[in-house]
Structure formats: C-alpha cells, structure tokens
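Peer 1:
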Amino acid sequence: MIQLIAFSAGLSFLFAIGEFLRTNASQQTKVQGLLFLFVAFFQTHTYLSSTELYQIYPHFYLVHLPFTASIGSLLKQYFSELWNENPEKNRFSIWELAPAVFVLILMFPFYLSSAETKISIHNSYLQNGVPLKFQLIILLAVLPIFYSAYYVFSHMVHYVRWESFKKSAHLRLVGLVVGFGASVSAIGVYTLFFHAKHGLEIVSFFLSCLIISIYLLRQKSPELWGEVQRIVIEEKKYQTSQLGSFNLEDLHKRLNFLMETKKVYLDETINLEKLAKHMSLSEHQLSEFLNSYVKKSFFHLVNHYRINEAKSLFANHPEKNILTIAYEVGFPSKSTFYDAFKREIGQSPSEYRKNLKK
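Per my numbering, residue 563 is the first one in the sequence shown, and the count goes up by one each step.
(1) Going by other Cβ atoms of all chains shown within 10 Å of its Cβ, with 16 needed for buried, is L923 buried or exposed?
(2) So is I667 buried or exposed if we call it buried at 16+ other beta carbons inside 10 Å?
(3) Would S710 be called buried (16 or more neighbouring beta carbons within 10 Å of its own) or exposed?
(4) Just mark Q605 as buried or exposed, buried being the case when its beta carbon has 16 or more other beta carbons within 10 Å.
(5) Please classify I564 as buried or exposed, where buried requires at least 16 other C-beta atoms within 10 Å of its C-beta.
(6) Below 8 angstroms on the Cβ atoms is my contact criterion, and I expect I749 with V765 to pass it. Report the Cβ-Cβ distance as a whole number of Å.
(7) Please determine, among Q847, T898 and N586, the residue with the shortest C-alpha to C-alpha distance to L813.
(8) Measure the alpha-carbon distance for G529 versus S854 and round it to whole angstroms.
(9) Would you mind sorting I707 into buried or exposed? The rule is 16 or more other CB atoms within 10 Å of its CB.
(10) For M821, name the three-state secondary structure that DSSP assigns.
(11) Go through its chain and collect everything with a Cβ distance to M669's Cβ below 8 angstroms, but skip five positions before and after it.
(12) Is it the case that the Cβ atoms of L772 and V736 are separated by a distance below 9 angstroms?
(13) Mind checking whether H862 and R816 have CB atoms under 9 angstroms apart?
(14) With a cut-off of 8 angstroms, do at least 3 Cβ pairs link the segment 834-853 to the segment 866-878?
(15) How big is the Cα-Cα spacing for K825 and H840?
(16) Return yes when the Cβ of A703 is within less than 9 angstroms of the Cβ of V665, no when it is not.
(17) Quick one: measure Cβ to Cβ for F641 and Y713, integer angstroms, because I've assumed they're closer than 8 angstroms.
(18) What residue does the alpha helix (DSSP H) around R736 start on, and which one ends it?
(19) Looking at E822 and Y867, is the spacing between their C-beta atoms short of 9 angstroms?
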C-alpha cells in the first residue's frame with residue numbers, strides 16, 4: 563500500500579508539472595495543476611508519516627494542511643467553468659481562501675516549534691491519536707471539499723435533466739469522480755475522530771486509486787471535459803434569445819470566414835472566448851448561435867475543421883508523420899487527435915492513411 567501511495571504522489575507531481583508547462587495555459591489548466599500539486603503534498607505527507615521519515619525531516623510535518631484546505635476552493639473554481647461561460651464570474655473570491663488562511667494561522671505556532679517538539683508530537687499521535695485541537699483544524703481543512711461536492715451536484719441538478727444524466731457516460735463519470743472524492747474525505751473525517759488504525763493510509767490508498775483512475779480516463783477520453791461542457795451548454799435553457807438584434811446569415815458568413823479563410827482552428831489555444839471576440843459576440847451569444855443554428859458545439863465545430871485539414875494534409879503530404887500533422891492542425895496531443903479523428907471519420911488516422919494509399 564505504501565508503495566502505491568508513493569507512486570501516486572509522484573504521478574500527481576508529474577501531472578502538476580505537465581499542466582504548468584503547457585504553453586498559453588488557461589486559468590482552468592493552472593487550477594488543475596494546483597489541484598494535482600496539493601494532492602501530491604497530501605500523499606507525500608502520508609508516505610513520510612507511514613515510513614517514519616518525519617523523524618529525519620520533522621519540519622515538513624503537517625505543512626500540507628493549508629494546501630489541503632485550498633483544495634475545496636480550487637475544485638469549485640475548476641467546475642465553475644462548466645456552469646459560467648463568462649470568465650469574470652469564475653474569479654477566485656477572497657472568502658474561498660479563508661479556510662486555508664485560518665488553518666495557516668492556527669498551525670503557525672506549531673510550524674515555528676523545534677524539531678524535537680514536532681517529533682514528540684508525531685510519535686504521540688501514532689500512539690494516542692490526534693488531539694482535539696488538531697482534529698478541529700484538520701476538519702476545517704476538509705470541509706471545503708464537501709462544499710465543492712455540494713456545489714457540483716447542486717448545479718448539475720439545476721442545469722442537467724435526469725434523462726440526460728442517465729444517457730451521458732461523461733456526466734456520470736464526473737459525478738462518480740466527485741462523489742468518490744467526497745466519500746474519501748468522509749472516510750478521513752471518520753478515521754480522524756474515531757482513532758481508526760491506519761486511517762491516513764486508508765484515505766491515501768483510495769486517493770491513489772482515484773489519481774490512477776483519472777490518469778486512465780485522460781488517456782481513454784482526452785476530450786472528456788469538452789464533452790461535458792458541450793452537454794451542459796446544450797442543456798441550458800435560454801430564457802430569451804440573445805441573438806435578436808443580429809443577422810444570422812451575416813453571423814454564418816463571419817464564422818465561415820474565420821474557419822475557412824483565416825483558419826483560426828489551427829491555433830491550439832482557441833476557445834469559446836477567443837472565437838466570440840473574433841465574431842464580436844459574447845460567449846453566451848456564440849454558444850446559442852452554434853448550438854441552435856449551426857447545430858454543433860464549439861468543440862465539435864473546431865474538431866470538424868481540424869480533421870478536414872488533417873485529411874487534406876494526409877492526401878497532399880504523405881511524407882509528414884501523424885504527430886506532426888496533429889500539431890499542425892491544432893490538436894494539443896496525439897491521443898486527443900486520435901480520439902477526435904475516430905469519432906468524426908469512424909477509423910483511426912493510421913487506418914485512414916493506409917486506405918488512401920490503396
């Protein structure tokens with residue numbers, strides 16, 4: 563179990579580094595990187611505690627707590643991208659960081675204490691359990707995670723019909739991941755207050771399983787987030803149309819010019835916000851136009867043009883390899899390209915290229 567926890571800590575660190583090194587990283591990418599980093603801190607804490615390495619590095623003991631207290635607000639920020647299309651509405655509120663600040667203030671005297679004191683307290687915890695003061699501090703750090711789970715599920719109920727939830731594997735996966743994370747936190751609270759033996763290792767074991775599952779999901783469905791966004795956008799009921807003052811034929815011409823002449827889809831950082839600015843629309847207006855009149859979500863539209871461009875490159879430039887073409891047409895990775903290509907064409911890029919040569 564300890565080896566698995568150490569592996570998941572390293573995997574989380576790698577995920578975080580990968581998110582931070584992305585070129586033109588979006589706000590959501592940065593939040594995702596911080597989430598992986600803070601989870602890595604927690605898993606590292608469990609590993610050091612279980613292997614008694616804190617005897618060698620006592621000043622690292624419990625430094626993860628303020629970061630753990632930030633995970634809830636980061637999760638809320640991450641999932642708010644689903645419901646609020648306007649980035650201005652998705653900014654951090656100072657109050658969301660209050661639990662982390664309180665935890666830091668309460669833990670500050672402990673952080674300033676000597677190495678001998680920390681080792682003594684750590685050894686005492688292993689034998690007698692966590693004192694009430696530290697139980698309450700840890701509870702304060704964990705509570706925002708429950709709030710973020712409530713936030714996700716309440717908004718999902720508000721925006722998504724039950725029939726759509728049952729039909730969409732992508733939505734069910736999001737619900738499963740969030741629910742599993744909240745359940746792991748609940749197990750942690752239980753083991754904390756009832757002094758269950760190996761409680762920390764149990765929580766980190768389940769967290770390790772969650773991290774590895776997220777890794778496998780990202781490999782199998784690299785466009786999972788985009789699909790969930792598409793479903794939520796389609797499910798939103800527009801009370802009144804925001805396109806009443808626009809000429810729809812003119813909007814179609816503007817969109818065709820951007821896609822077919824300027825080829826904005828070749829920019830791998832293109833998103834709903836950027837395309838809306840190009841068309842002098844708000845994101846809400848562009849969303850309504852694409853879903854109601856073009857009959858495609860933003861992600862399906864962009865991928866459609868990218869794949870057509872890739873097909874043209876396959877035919878006219880047989881010397882180029884698949885990865886080069888994937889990057890040229892705007893896909894951020896080979897796996898994303900393969901997934902989108904197979905959805906659109908019904909066969910993989912390799913199979914398509916082979917059939918061209920026949």
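Glycine residues also receive a C-beta, built at the ideal position from the N, C-alpha and C atoms.
Peer 2: Well, looking at it:
(1) Because the chain is modelled from 563 through 920, residue 923 falls outside the range shown and cannot be assessed.
(2) Classification for I667: exposed.
(3) S710 should be labelled buried.
(4) buried
(5) Under a 10 Å Cβ-count criterion, I564 is classified as exposed, with fewer than 16 other Cβ atoms of the shown protein chains found around its own Cβ.
(6) Distance from I749 to V765 at the Cβ level is roughly 6 angstroms; contact confirmed, criterion being Cβ atoms closer than 8 angstroms.
(7) Q847
(8) The chain is shown from 563 up to 920; residue 529 falls before or after that span and cannot be answered.
(9) buried
(10) helix
(11) L624, L627, P628 and I699
(12) no
(13) no
(14) no
(15) 12 angstroms
(16) yes
(17) 7 angstroms
(18) This sequence places Val at residue 736; Arg is not what is there. A731 to F755 is the extent of the alpha helix (DSSP H) around V736.
(19) yes
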